[in-house]
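Colleague: Take this structure, written in structure tokens, and hold onto it; I'll ask about it next.
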Amino acid sequence: MTFADVLARAETTEEGRTIRVPETWHQGRTAYGGFSSALALAEAMRIGGDLPPPRSAQMAMMAPLHGEVEVRARVLRSGRNAIWVASEIFGDKGLGFTASFVFMRSVESTVAFDDCASPRGVLAPQDASVLSRERGATFLRHNFDVRFALPPSDERRPEMFWWVRPRDVEKLDPSVALLLTADALPPGVMRLLSPSVPVSTMHWQVNLLTPAPATREGWWLLRTAADYAKEGCSSQRMALWNVDGAPMLTGMQSIALFG
Numbered sequence: 400m401t402f403a404d405v406l407a408r409a410e411t412t413e414e415g416r417t418i419r420v421p422e423t424w425h426q427g428r429t430a431y432g433g434f435s436s437a438l439a440l441a442e443a444m445r446i447g448g449d450l451p452p453p454r455s456a457q458m459a460m461m462a463p464l465h466g467e468v469e470v471r472a473r474v475l476r477s478g479r480n481a482i483w484v485a486s487e488i489f490g491d492k493g494l495g496f497t498a499s500f501v502f503m504r505s506v507e508s509t510v511a512f513d514d515c516a517s518p519r520g521v522l523a524p525q526d527a528s529v530l531s532r533e534r535g536a537t538f539l540r541h542n543f544d545v546r547f548a549l550p551p552s553d554e555r556r557p558e559m560f561w562w563v564r565p566r567d568v569e570k571l572d573p574s575v576a577l578l579l580t581a582d583a584l585p586p587g588v589m590r591l592l593s594p595s596v597p598v599s600t601m602h603w604q605v606n607l608l609t610p611a612p613a614t615r616e617g618w619w620l621l622r623t624a625a626d627y628a629k630e631g632c633s634s635q636r637m638a639l640w641n642v643d644g645a646p647m648l649t650g651m652q653s654i655a656l657f658g
């Protein structure tokens, strides 16, 4: 079931909407983080009305979400140029996910620079090796095409570069589709861990760098890079570019390590 299908089958409640998380969107025992984030954004945009583009988001992933969940949203503040909207997702054990979104109109500014250049040495999508659909998390196998953006290397660095292409997102708002895709990589620190070590995202913050994200042939270049890990916590930086190397999104994430 595509993400657009999930939204189309949502049922309205007194406080929000209920949806059923398909098992094909699972990451372990919970909904994939990008799924929950995109669901929260879609609900924020639904209740917010005629909003400007989303430009920033903070997400807290507090408890597993599966089966039937309810998503709610409310406008926190409407300013001259920006609107803040909060979203929450409830599962069978109560509140499991919260998000705070900032929607902002473009304004005049004397400052303009870009220090988010795409990495060098990246293979083009057509030249990159393919991640087999028999490998990877459940949500990846069923909803995304993945290719390795860098040539194979024996160097163990807590960093990953993937080309990721979501399937069947034509009916989605481009910003919702971008957030749905942006969490597709495993945490960078997993390159240093045994595959049996569980990990879990705690917080995720992103900035959407353009009001109209776009790429060619559906491909996005994703990067995760851990810059700290100690005592069960890891901090990582994240970024996403389109095929032409234009930056679309930056972020950071806190990861819990259970081993």
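For the sequence shown, the working numbering gives the first residue as 400, with consecutive numbering after it. All residues carry an ideal CB built from backbone N, CA and C; glycine is no exception. Predicted model only: the values in this text are computed from it and were never measured.
Can you pull the DSSP bridge partners for K570?
Modeller: Beta-bridge pairing links K570 to no other residue.
Colleague: Does H602 come out as helix, strand or coil in the three-state DSSP assignment?
Modeller: The answer is strand: DSSP assigns H602 an E or B state.
Colleague: Go ahead and label G520 buried or exposed: buried means 16 or more other beta carbons lie within 10 angstroms of its beta carbon, across all protein chains shown.
Modeller: G520 is exposed by the Cβ-count criterion.
Colleague: Spatial neighbours of R476 within its chain, please: C-beta separation below 8 Å, excluding the five flanking residues on both sides.
Modeller: Only I482 and W483 meet the Cβ criterion.
Colleague: Just to confirm, are P453 and F402 a CB contact at a threshold of 8 Å?
Modeller: Result no, Cβ atoms of P453 and F402 do not sit closer than 8 Å.
Colleague: Can you tell me which of the three DSSP states R555 falls into?
Modeller: Of the three classes helix, strand and coil, the one that applies to R555 here is coil, per DSSP.
Colleague: Based on DSSP bridge pairs, tell me the residues matched to C632.
Modeller: According to DSSP, C632 bridges with K629 and A655.
Colleague: Using only CA atoms, which one of L406, G415, M400 and G433 lies nearest to T423?
Modeller: Considering only alpha carbons, the answer is M400.
Colleague: Suppose you measure from the CA of S444 to the CA of L450; what does that come to, to the nearest Å?
Modeller: The sequence given here has Met at residue 444, not Ser. Their backbone Cα atoms lie some 7 Å apart in a straight line.
Colleague: Any contact between the segment 635–652 and the segment 596–616? By contact I mean 3 or more CB pairs, one from each, below 8 Å.
Modeller: Judged by Cβ distances under 8 Å, the segment 635–652 makes contact with the segment 596–616, as three or more pairs qualify.
Colleague: Could you compute how far the alpha carbon of A625 sits from the alpha carbon of E487?
Modeller: If you take the alpha carbons of A625 and E487, they lie about 28 Å apart.
Colleague: Can you tell me the Cβ-Cβ gap for L656 and W562, rounded? I've got them flagged as a contact below 8 Å.
Modeller: Not confirmed; about 26 Å, so no contact.
Colleague: DSSP three-state label for T580, please.
Modeller: Three-state DSSP puts T580 in a helix.
Colleague: If we count the other Cβ atoms within 10 Å of its Cβ and call it buried at 16 or more, is A596 buried or exposed?
Modeller: Residue identity check: residue 596 is Val in the sequence provided, not Ala. Looking at its Cβ environment, which holds fewer than 16 other Cβ atoms inside 10 Å, V596 is exposed.
Colleague: Which residue from S436, D514 and Y627 puts its Cα closest to that of W460?
Modeller: The question names Trp, but residue 460 in the sequence shown is Met. Answer by Cα proximity: S436.
Colleague: My output table needs one value for W424: the three-state DSSP class, helix, strand or coil.
Modeller: It is helical.
Colleague: Which residues in the same chain as R622 place their Cβ atom closer than 6 Å to its Cβ, once the five residues preceding and following it in sequence are excluded?
Modeller: Correct list, in chain order: F560 and A638.
Colleague: Going by the CB atoms, is the gap between V470 and A439 shorter than 8 Å?
Modeller: Yes, Cβ-Cβ distance for A439 and V470 is below 8 Å.
Colleague: Quick check on the DSSP output: the beta strand (DSSP E) that includes F543 runs from which residue to which?
Modeller: That run of the beta strand (DSSP E) goes F543 to F547.
Colleague: Taking just the CA atoms, how far does D491 sit from R564?
Modeller: About 32 Å.
Colleague: What residues in its chain sit with their C-beta under 6 Å from that of S528, if we drop five residues either side in the sequence?
Modeller: Answer for S528: F547, listed in chain order.
Colleague: Drop a sphere of 10 angstroms on the beta-carbon of R416, count the other beta-carbons inside from all chains shown, and report buried for 16 or more, exposed for fewer.
Modeller: Buried is the call here.
Colleague: Taking L406 as the reference, which of A485, A441, M601 and V598 has the closest Cα?
Modeller: Comparing Cα positions, the closest option is A441.
Colleague: Buried or exposed, going by whether 16 or more other CB atoms sit within 10 Å of the CB of Y431?
Modeller: Under this definition Y431 is a buried residue.
Colleague: So, is T411 buried or exposed, given that buried needs 16 or more other C-beta atoms within 10 angstroms?
Modeller: Burial call: exposed.
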